[in-house]
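All remarks here apply to the structure that follows.
See below:
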């Protein structure tokens, strides 16, 4: 929606910024996979570290493991491999199941967002 604003002798049209926000979450009796879990898995894959991934997301290390543990329990498969280390510490990597799950989640998320955007502009064209 646009509104006119008087600025001296000029008329200035300003965007009000209405937009749609879609959050896709896959649940059983509790959340299993959503944007947070997907991002956490992506960051673990990128960094090789649960601690680093949690830090980047601004969440505690214990909360990160709790979220992953709940998802693994609900899905019945491991999402992260833990590699215990010596001097330099351990590391983590994502499993093939995790990669597939996140890829399919992102694909579904994109399709849902595209549909929702079209529907939003059709139904709320005046905004």
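In UniProt numbering, the protein residues as written are 1 to 127.
Ideal placement from N, C-alpha and C gives every residue a C-beta, glycine not left out.
All values reported here derive from a predicted model rather than from experimental measurement.
If I'm right that residue i touches residue j with Cβ under 8 Å, what's the distance once you round it to whole angstroms?
i           : j           : result
residue 129 : residue 84  : A query on residue 129 cannot be resolved here, the shown segment of the chain reaching from 1 to 127 and no further.
residue 71  : residue 97  : About 11 Å separates the two Cβ atoms, so there is no contact after all.
residue 50  : residue 64  : 6 Å
residue 20  : residue 126 : That belief does not hold up - the Cβ atoms of residue 20 and residue 126 are roughly 14 Å apart, past 8 Å.
residue 67  : residue 17  : Not a contact, Cβ separation roughly 31 Å.
Is the distance from the Cβ of residue i to the Cβ of residue j below 8 Å?
i          : j           : result
residue 41 : residue 102 : yes
residue 38 : residue 105 : yes
residue 43 : residue 59  : no
Helix, strand or coil for residue i, going by three-state DSSP, please let me know.
i           : result
residue 54  : helix
residue 102 : helix
residue 118 : helix
residue 94  : strand
Can you tell which of the options has its C-alpha closest to the C-alpha of residue i?
i           : options           : result
residue 90  : 52, 66, 119       : 52
residue 30  : 73, 109, 119, 120 : 73
residue 45  : 55, 99, 34        : 99
residue 128 : 48, 60, 21, 34    : In the structure displayed, the chain extends from 1 to 127; residue 128 sits before or after that span and is not available.
residue 23  : 121, 55, 109, 124 : 109
residue 76  : 95, 60, 122, 59   : 95
residue 107 : 27, 34, 28        : 34
**Request:** Could you name each continuous beta strand (DSSP E) segment of 3 residues or more that falls completely within the region 24-77, going from the start of the chain to the end?
**Result:** Here the runs fully enclosed are 31-33.
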